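Numbering (the working numbering), first residue to last: 4 to 714. Think of the CB as a built atom: it goes at the ideal place given N, C-alpha and C, for glycine as much as any other residue. This one's a predicted model, so the numbers in the text were calculated from it and none came from an experiment. In what follows, a single structure is set out as structure tokens and then discussed.
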Ligand code: SF4
Ligand code: ZN
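Laid out in structure tokens, this is it:
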């Protein structure tokens with residue numbers, strides 16, 4: 004038997020059981036029964052991406068199987084036939100999996116496995132482009148010795164690689180007590196082999212969301228996944244024909260398969276790699292996919308990796324808690340003279356963690372003193388805001404908040420591993436020196452565990468914060484002469500350019516004007532380049548000759564003109580990783596905003612995923628625009644159309660986050676008190692624009708006095 008026979012055999016097997024499963028589902032539910040994966044705008048993302056067609060019912064699913072998938076299953080022992088059959092097999096897997104979700108079923112509710120949402124894909128945007136997630140490992144099956152599977156998964160996790168598990172790998176990791184889930188970037192897909200389709204679906208949606216690949220243009224799709232999605236497969240023997248056929252599909256998408264199977268296999272350089280020594284899979288895979296790692300070696304007794312950023316430490320698991328809401332705590336960066344800083348000095352004043360009773364809530368502060376010839380005080384806040392993510396990257400440590408409102412939990416497991424407060428200092432030191440090496444020559448950290456001292460120091464720190472806030476508030480688009488580009492997302496959205504201004508941060512929410520300025524300093528030829536404001540054509544729209552020229556240049560001619568402040572006239576493009584999206588609501592002549600965290604409907608009759616699918620991939624879509632959360636309370640938010648007074652609906656959670664600043668902005672711009680309360684949310688209405696309008700009239704929303712949109 005040849006490898007081709009195995010691919011064809013696996014494909015035949017999948018086809019036959021898909022036919023049977025669909026027939027059974029139709030017998031039980033009828034042909035008109037709706038089919039789609041939940042929380043996605045793409046129904047069956049793989050089928051949609053490859054064929055350009057959307058399936059809505061079981062009847063259509065059956066027709067698609069016969070009319071689209073069957074014809075892919077040619078059997079002429081040619082390489083192309085094997086690839087096509089591999090893809091056909093993968094699509095069968097997608098059909099089999101979607102049947103589990105009929106009638107709102109939750110097949111994988113406990114533990115969380117199966118289909119991954121559009122929000123999951125969008126969340127990957129920034130870490131993928133920054134290299135914080137350098138690749139995606141697809142582990143299929145498990146090693147003979149379970150400890151080996153666990154070691155492999157942990158190895159990838161420590162490198163920041165997103166790991167997905169299918170079959171025995173899940174069992175092995177659970178049994179070893181490993182935490183699994185999106186928060187730690189080791190994601191179980193399902194025990195059945197066909198569940199591997201859920202990671203393929205992520206890759207396909209990345210192409211649709213970020214790459215502006217047109218559904219149905221499968222050649223462009225395969226090229227995108229091959230060039231830009233650094234995924235690879237590690238498949239433990241024995242491989243069934245079913246798995247071999249998925250392997251052919253993976254290779255067609257550009258994902259190499261590394262296996263220790265020897266039965267009826269042959270090697271295809273860079274694509275199908277036999278590696279009998281499974282301890283070498285990590286190195287072999289990274290090499291096959293040309294993955295460069297971005298790691299900082301830090302001398303602490305537990306792991307440090309971006310995979311742990313979303314890890315949650317529960318109350319019962321914590322050794323001590325730093326609690327800024329009850330006691331005096333803060334984090335601060337201060338610029339000092341070189342003579343005042345001793346490089347790599349970490350001081351802990353007060354008791355260490357082993358001198359404190361378990362379960363205590365303590366007062367703790369850390370001040371990072373930096374010195375450097377190119378250091379600017381504007382970079383202090385840029386560094387400080389990174390503390391949150393750095394400290395979260397420590398396995399077993401959770402950090403929330405910022406400045407003097409921080410909360411840090413250190414787990415019992417870390418305590419037992421020998422983790423000390425001084426190790427927080429080690430992390431801060433290593434990361435500051437690593438990420439800010441262009442501006443920081445010397446860095447030292449002072450950690451104080453003493454309520455009395457912290458009370459005094461916190462007051463002083465607050466003075467620093469207040470001064471910084473005053474400077475930020477005084478920084479408007481008019482007060483500076485330079486804006487910045489950001490093209491970080493071009494790794495996935497080749498023609499997307501953000502223009503970042505003091506009053507308009509990047510749509511991912513992660514890049515403010517100060518961040519862009521610092522990035523330029525740290526990486527002079529990097530993604531953020533200054534553009535001097537020149538040739539103002541229209542101040543209200545925010546149209547400048549120099550911005551047009553920059554967008555033109557950095558999008559390689561794909562985008563010719565943009566405005567900074569309009570939703571309709573050449574709006575800024577969206578990549579795909581936007582925190583929020585706004586869209587025009589024609590009945591009230593307002594805009595609806597929703598955010599990634601909100602899965603529910605909006606009065607536009609669309610969820611976040613559906614609205615988001617209207618834009619992205621670096622193209623302009625008048626009437627829809629991705630943006631950062633903080634842009635909502637900016638006076639420049641769709642200023643050309645009247646500003647934030649146009650906002651008529653937002654999820655409640657987003658309203659609560661933005662309330663303070665948005666109310667202040669609205670008071671200043673329109674003289675309206677408590678504006679946020681006038682904005683409807685899901686408790687007022689979800690789908691009906693008439694209900695929305697009634698509410699707006701009732702509360703006297705300012706939009707009712709605005710001119711209609713000039714679309
Ligand atoms: Fe991507 Fe724009 Fe954020 Fe830069 S500012 S990382 S281009 S979304
Ligand atoms: Zn992006």
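* **Between the CA atoms of residue 253 and residue 371 - distance to the nearest angstrom** => Straight-line Cα distance between these residues: approximately 47 Å.
* How many angstroms separate the CA atom of residue 683 from the CA atom of residue 645? -> Straight-line Cα distance between these residues: approximately 18 Å.
* Asked: Leaving out the 5 sequence neighbours to the left and right, which residues in its chain are closer than 6 Å to residue 416 when beta-carbon positions are compared?
  -> Taken in chain order, the residues that qualify are 399.
* Answer yes if the segment 535-549 comes into contact with the segment 513-526, meaning at least three C-beta pairs across the two stretches below 8 Å, and no otherwise. => With a cut-off of 8 Å, the segment 535-549 and the segment 513-526 do not count as touching, because too few Cβ pairs lie within range.
* **Option in 668, 354, 707, 250 with minimal Cα separation from residue 90** => Measuring C-alpha to C-alpha distances from residue 90 to each of 668, 354, 707, 250 identifies 250 as the nearest.
* Straight-line CA distance for residue 471 to residue 202? -> Their backbone Cα atoms lie some 43 Å apart in a straight line.
* Backbone CA spacing between residue 55 and residue 633 [nearest angstrom] -> Using only the alpha carbons, I get a separation of about 35 Å.
* Pair every Cβ in the segment 89-107 with every Cβ in the segment 31-49, then say whether three or more of these pairs are closer than 8 Å. => Contact between the segment 89-107 and the segment 31-49 is present: 3 or more CB-CB pairs across the two stretches fall below 8 Å.
* Asked: For residue 510, is the beta carbon positioned less than 7 Å from some heavy atom of the ligand SF4?
  -> Yes, since a heavy atom of the ligand SF4 falls inside the 7 Å radius drawn around the Cβ of residue 510.
* Asked: In terms of residue numbering, what span does the beta strand (DSSP E) encompassing residue 374 cover?
  -> Per DSSP, residue 374 belongs to the beta strand (DSSP E) from 368-374.
* Asked: Whose CA, out of 156, 408, 395, 390, lies closest to the CA of residue 448?
  -> When each option's Cα is compared against that of residue 448, the closest is 390.
* beta-carbon residue 648 near the ligand ZN non-hydrogen atom, thresh 7 Å -> Residue 648: no, Cβ never under 7 Å from the ligand ZN.
* **Per DSSP, the bridge partner or partners of residue 588** => Under DSSP, residue 588 forms a beta bridge with 593.
* Asked: In the DSSP assignment, what are the bridge partners of residue 402?
  -> For residue 402, which the question treats as bridged, DSSP gives the partners 411.
* Asked: What does the shell around the ligand ZN hold, if a residue joins when its beta-carbon is under 5 Å from any heavy atom?
  -> The set, ordered by position in the chain, is 128, 492, 578, 580.
* Can the beta-carbon of residue 76 be found closer than 8 Å to that of residue 14? -> Yes, the pair counts as a contact, with Cβ atoms nearer than the cut-off.
* To do: Name the two residues that bound the continuous alpha helix (DSSP H) containing residue 159.
  => Judged by DSSP secondary structure, residue 159 falls within the alpha helix (DSSP H) whose first and last residues are 149-161.
* Asked: Is there contact between the segment 183-202 and the segment 163-170, where contact requires at least three CB pairs shorter than 8 Å?
  -> They touch, by the three-pair rule.
* **Given 8 Å, three or more beta-carbon pairs between the segment 200-214 and the segment 270-281** => Put simply, the segment 200-214 does not touch the segment 270-281. Fewer than three CB pairs are less than 8 Å apart.
* Asked: Cβ atoms of residue 598 and residue 583: under 8 Å apart, would you say?
  -> Result yes, Cβ atoms of residue 583 and residue 598 sit closer than 8 Å.
* To do: Leaving out five residues on either side along the sequence, give the residues of the same chain with a beta carbon under 8 Å from the beta carbon of residue 220.
  => Answer for residue 220: 55, listed in chain order.
* Asked: For the segment 667-707, which segments carrying the alpha helix (DSSP H) assignment without a break, of at least 4 residues, lie completely within its bounds, in sequence order?
  -> The qualifying runs are 678-681, 692-702.
* With burial defined as no fewer than 16 other Cβ atoms inside 10 Å of the residue's Cβ, what is the status of residue 512: buried or exposed? -> Residue 512 counts as buried, since at least 16 other C-beta atoms from the protein chains shown sit within 10 angstroms of its C-beta.
* To do: Give me the Cα-Cα distance between residue 465 and residue 301, rounded to the nearest whole angstrom.
  => Per the coordinates, the alpha-carbon of residue 465 lies some 30 Å from the alpha-carbon of residue 301.
* Asked: Does the beta-carbon of residue 628 have 16 or more other beta-carbons within 10 angstroms, so that it is buried, or is it exposed?
  -> Counting of Cβ neighbours within 10 angstroms places residue 628 among the buried residues, the total reaching 16 or more.
* To do: Would you mind listing the beta strand (DSSP E) stretches within the segment 120-149 that are 3+ residues and don't spill past its ends, in chain order?
  => Complete beta strand (DSSP E) runs here, min 3: 139-143.
* Per DSSP, residue 445 is paired with what? -> Looking at the DSSP assignment, residue 445 forms a beta bridge with 374.
* Terminal residues of the continuous alpha helix (DSSP H) containing residue 255? -> From DSSP, the alpha helix (DSSP H) with residue 255 extends over 244-255.
* Go through the segment 265-303 residue by residue and report every complete run of the beta strand (DSSP E) that reaches 3 residues or more, in order. => Runs found: 275-277.
* C-beta contact flag for residue 422 and residue 386 at 8 Å -> Cβ distance not < 8 Å, so residue 422 and residue 386 don't count as in contact.
* **DSSP beta-bridge partners of residue 604** => DSSP lists 610 as partners of residue 604.
* Ordered along the chain, which non-local residues of its own chain (more than five positions away) have a Cβ less than 8 Å from that of residue 380? -> Excluding residues within five positions, the ones whose Cβ falls inside 8 Å are 338.
* Kindly indicate the opening and closing residues of the alpha helix (DSSP H) around residue 555. => Unbroken alpha helix (DSSP H) run through residue 555: 548-557.
* To do: Would you kindly check if the distance between the Cβ of residue 601 and the Cβ of residue 527 is under 8 Å?
  => Not closer than 8 Å, so no.
* Those residues which DSSP pairs with residue 487 across a bridge -> DSSP, once it has assigned bridges, lists 503, 533 as partnering residue 487.
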